[in-house]
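Notes follow once the structure below has been shown.
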Amino acid sequence: MKIAQLLLIHLFVFNCVYAQTGIKGTLKDAQENTPIEYGSIGLFSLNDSSLINGAVTQPNGTFELKGIKPGSYYLSIQFMGYKSLIVNPIEINRGNVLDLGTLLISPDEQLLEMVEVSGSRFTTMHKVDRQVFESSDFLSGQGGNAIDVLRNLPSVSINAEGQLSVRGATGFVVMLNGKPIQSDPSIILSQLPANSIKNIEVVTAPSAKYDPEGKAGIINITTEKGATDGTFIQLNTRLGLPSIQDYNNKEKPQRYGADFTINHKKEAWDLSFGASYLRNDINGRREGEVYTIIDNTTTYFPSDGERGFDEEAYSGRLTLGFVPNGRNNFSLGFYGGIRSKDRTADIIYYDNHAVVNDQRLYTMQYYNENLRIRTSDFALGSFDYIHTFENKASISTSFLYEYTMLGGPTTNRNLGYPNSDFIYQDEYNTNDNPLHGIRWQIDYKSKPQPWGAVEAGYQFRSLNHLGDFVYERKNSEGKFELVPDFSSNVDLTRLIHSGYGQLNGVKGKWNYTAGLRLEFMDRSLHLKDKANTIDSTYTYEFVQPYPSANIQYSANESLKLKAAYSRRVERTTTFKMNPFPEREHSETLEQGDPSLLPEFIDLVEAGIVKDIGENSFYTTAYYRNVKNLVNRVNTIYNDTILNRIYSNVGTGRSLGLEAGIELNPTSNWKVFTGANVYQYEIKGQFDNRPIDTSAWIYSINANTSYAFTSTFSLQWSLNYLSKRITAQGEDSRFLSPNLVAKKTFFGDRFSATLQWLNMDMGLLPTNEQRISTWRENEFYTTTNYVLEVDMIMLNLSYTINPGKNKSRFVKSEFGEKEF
12 MKIAQLLLIH LFVFNCVYAQ TGIKGTLKDA QENTPIEYGS IGLFSLNDSS
62 LINGAVTQPN GTFELKGIKP GSYYLSIQFM GYKSLIVNPI EINRGNVLDL
112 GTLLISPDEQ LLEMVEVSGS RFTTMHKVDR QVFESSDFLS GQGGNAIDVL
162 RNLPSVSINA EGQLSVRGAT GFVVMLNGKP IQSDPSIILS QLPANSIKNI
212 EVVTAPSAKY DPEGKAGIIN ITTEKGATDG TFIQLNTRLG LPSIQDYNNK
262 EKPQRYGADF TINHKKEAWD LSFGASYLRN DINGRREGEV YTIIDNTTTY
312 FPSDGERGFD EEAYSGRLTL GFVPNGRNNF SLGFYGGIRS KDRTADIIYY
362 DNHAVVNDQR LYTMQYYNEN LRIRTSDFAL GSFDYIHTFE NKASISTSFL
412 YEYTMLGGPT TNRNLGYPNS DFIYQDEYNT NDNPLHGIRW QIDYKSKPQP
462 WGAVEAGYQF RSLNHLGDFV YERKNSEGKF ELVPDFSSNV DLTRLIHSGY
512 GQLNGVKGKW NYTAGLRLEF MDRSLHLKDK ANTIDSTYTY EFVQPYPSAN
562 IQYSANESLK LKAAYSRRVE RTTTFKMNPF PEREHSETLE QGDPSLLPEF
612 IDLVEAGIVK DIGENSFYTT AYYRNVKNLV NRVNTIYNDT ILNRIYSNVG
662 TGRSLGLEAG IELNPTSNWK VFTGANVYQY EIKGQFDNRP IDTSAWIYSI
712 NANTSYAFTS TFSLQWSLNY LSKRITAQGE DSRFLSPNLV AKKTFFGDRF
762 SATLQWLNMD MGLLPTNEQR ISTWRENEFY TTTNYVLEVD MIMLNLSYTI
812 NPGKNKSRFV KSEFGEKEF
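This is the structure:
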């Protein structure tokens, strides 16, 4: 009995010692110093080359082999598209865990150029806190800008005005290669060429590490860059065929453009440079019906006429990276652009009349000649540095400066009709709005522990937005004179100090993040009119906590469950706080509220991701509560002019379900469809009147591709957005189907893409939307915006050294970097 007990004790001690014996390390890309997930680790006996143990690297590149007997071994490391690495010899001692540190493997350029990957890859990569989409899968956006690509994503929808929303919320932060933009996202998105985009990451519930801004979360865009040493060059051109319909617009639209990307990567240096030019005009019409009720007089002013856009944009971008070794990473970036967008709204008010007790007081018609020019020039400069310590802890710092100049004049002339020589009213307003933004932050990530790693950081942000608004009206002598009530100077200053701490970890099948961000914001808005009768300052400050948590459970390789909570803020813009009216066109003034409060958002979501062979399905249920909801509402300015105001109208709540499916019925046929449906309600008040409205809203983004040969394919896509409610009315549905044919030549170096955008053929209500608002016994307005359909575009692309930029077609590689 004693011998048996001794044997059991010896066996127990033996197993305990061996359980503590092993090997661990981290696998990274030798050139980009980024972790490699799903790398294959094999441990072999040095004596007979027999396989002893094996593992697959985690998302952060780490691996560990446990329970290894003392002896001599060698390690074989492999990953598709990379050169194999042999670590030899490895001596294992009893009771010790050998830490190999960071192991670097290099891409195999020759292999990348020779290997043709068979099978299908997923369009979407699901991470613990985000969805990652590859831009090249959406052909209808190629040749255009970032907005044309984003509109195809399952959770994103677009309306006739080109406004993007994520799960029905219009507020989101745009990040370019991990750098958040403080100005209007549309400024950057409309000038970033679609061809320069590699991946798009949608983060609906960001962790405490990231800026808490954005009602809908974060959209991070990563641009193309080289994967191996050498020079990669891509040239793209775009040409639009003549319009099929002219909508009786004065001028024919012009659509053409070109862009290029050059990337040179040599050892520690990585240089990227790109530039683009895009002319993108769109014809269209506007059909309106408005009436106001003042006392017992009802005034009607129906209208019809041109509403087209002429848009021109130039942009340039430069990034210089320097990685002298595995512990230091430097990056310098610049991105700038010049853009102008002219909106022509030449409208005939063909039956302007007033009615009292069913009797017409007068009838007249007039012609409103309206041209609004908007310019948005910008420049971004950034510097980043990351240092990794021997124990794998890291510290990083980032500095970003942003300059934006917004502005442009609006001319508004009410003329006689059909005799336009007679001038009823001639007005001119212009504005200059320079914005200066600074962001500096420092972040620290601790040494990885079995339970995870701790991250902490501090961020300082400064925003100064000035506005000089001048409104002039021509007097009886034919000279323009200032209108003081509509002219002003605005000065917005916003300072933000914030710090965060969070825990990230991978434990078995669990992947988790939990953290808290604490923020102090100080906002000051100084207003002064041109007549020196108003000189006021509005201040607002707060200290707010922003907790967050993300968790994902991998039941197996094909099934993942995840849940998240995030608290966020949507800050008010200068435009929405300027109380001085701006004349948009004949029937509308637009103004803001200087005491407008920011929106505070709480989001909870839970989802499932299921892969079935080469098919994939995901669904996410979510609840979003928005406090201090901001909506655009109307009041009556006079009998023929409505005053459009931005105001806090109460609370908005969304309870919804987002789902997507990716099918590969055959090796050359792919179907990718996403849908979002939610119940939306608004409760609150405006102008001492209650608001209580709700409705079911849904959107569908469908995309199907068929490859007839390895070089020729067709893709059809559909964007549909249902009717939506607002605080005072509703917006109608929006429909946009597209068909694209793509042909490649010379080993994929040259490609031609023929796009049929906004398919209609006179059969569908494509690319048009009706916006209606009303208040009982006060006013009713409805406007139908009809924009151009059946647009034919040709895009040509040529790539030099495509292998230098070829991605490794492995599912885990999408979104490999945390921004």
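First residue of the sequence shown: 12, per my numbering; consecutive thereafter.
Glycine residues also receive a C-beta, built at the ideal position from the N, C-alpha and C atoms.
Out of the options, point me to the one whose CA is closest to residue i's CA.
| i | options | result |
| --- | --- | --- |
| histidine 675 | Ala718, Phe312, Gly82 | Before going further, note that residue 675 is asparagine rather than histidine in the sequence given. Checked all of Ala718, Phe312, Gly82; the closest Cα to asparagine 675 is Ala718. |
| isoleucine 782 | Pro592, Ser743, Gly82 | Ser743 |
| asparagine 475 | Trp680, Arg484, Pro445, Ile453 | Pro445 |
| asparagine 363 | Ala632, Val301, Ile305 | Val301 |
| isoleucine 708 | Ile702, Gly624, Leu668, Lys681 | Leu668 |
| tyrosine 549 | Asn589, Ser658, Asn795 | Asn589 |
| tryptophan 680 | Ser724, Ser326, Gly663 | Ser724 |
| proline 429 | Asn379, Gly295, His447 | Asn379 |
| glutamate 673 | Phe144, Ile63, Gly112 | Phe144 |
| methionine 772 | Ser56, Ala269, Glu799, Leu252 | Glu799 |
| threonine 32 | Ile63, Pro81, Gln69, Trp727 | Pro81 |
| tyrosine 377 | Phe312, Leu161, Tyr325 | Phe312 |
Give me the Cα-Cα distance between residue i and residue j, rounded to the nearest whole angstrom.
| i | j | result |
| --- | --- | --- |
| asparagine 163 | histidine 596 | 32 angstroms |
| phenylalanine 90 | glycine 50 | 5 angstroms |
| glutamate 552 | serine 665 | 28 angstroms |
| leucine 614 | lysine 638 | 12 angstroms |
| tyrosine 634 | alanine 467 | 28 angstroms |
| glutamine 256 | phenylalanine 320 | 15 angstroms |
| asparagine 307 | asparagine 368 | 8 angstroms |
| alanine 542 | valine 494 | 9 angstroms |
| isoleucine 623 | glycine 65 | 26 angstroms |
| asparagine 206 | aspartate 454 | 32 angstroms |
| glycine 671 | alanine 560 | 23 angstroms |
| valine 128 | lysine 518 | Confidence in valine 128 is poor, its pLDDT being 37 and thus under 50, which makes the residue's placement unreliable; the coordinate value appears in the next sentence. Roughly 32 angstroms separates the two Cα atoms. |
| aspartate 159 | phenylalanine 271 | 18 angstroms |
| glycine 268 | serine 808 | 12 angstroms |
| threonine 784 | glutamate 438 | 26 angstroms |
| glutamate 616 | asparagine 567 | 21 angstroms |
| arginine 579 | asparagine 423 | 40 angstroms |
| asparagine 712 | glutamate 741 | 21 angstroms |
What does a CB cutoff of less than 6 angstroms around residue i pick up in its chain, not counting 5 residues either side in sequence?
| i | result |
| --- | --- |
| threonine 810 | Gln245, Arg760 |
| phenylalanine 345 | Leu329, Gly392 |
| serine 499 | Phe480, Asp540, Phe591 |
| proline 420 | Ile384, Thr441 |
| aspartate 281 | Gly332 |
| threonine 599 | Leu653, Arg655 |
| leucine 768 | Asn749, Met802 |
| isoleucine 406 | His398, Tyr455 |
| valine 334 | Asn44, Ala279, Asn340 |
| leucine 572 | Tyr564, Ile619 |
What is the DSSP secondary structure of residue i, counted as helix, strand or coil?
| i | result |
| --- | --- |
| phenylalanine 586 | helix |
| proline 701 | strand |
| aspartate 388 | strand |
| aspartate 613 | strand |
| proline 558 | strand |
| serine 569 | coil |
| phenylalanine 149 | coil |
| phenylalanine 497 | helix |
| valine 160 | helix |
| serine 207 | helix |
| leucine 200 | helix |
Are the CB atoms of residue i and residue j nearer to each other than 8 angstroms?
| i | j | result |
| --- | --- | --- |
| isoleucine 97 | tyrosine 84 | no |
| isoleucine 230 | isoleucine 211 | yes |
| threonine 399 | glycine 337 | yes |
| glutamine 563 | asparagine 522 | yes |
| alanine 632 | alanine 216 | no |
| alanine 227 | glycine 299 | no |
| threonine 715 | proline 748 | no |
| asparagine 291 | arginine 318 | no |
| leucine 805 | serine 168 | no |
Cutting at 7 angstroms between CB atoms, please list the residues of its own chain near residue i, excluding the five before and the five after it.
| i | result |
| --- | --- |
| lysine 403 | Thr37, Lys458, Pro459 |
| serine 577 | Ala216, Pro217, Ser559, Leu614 |
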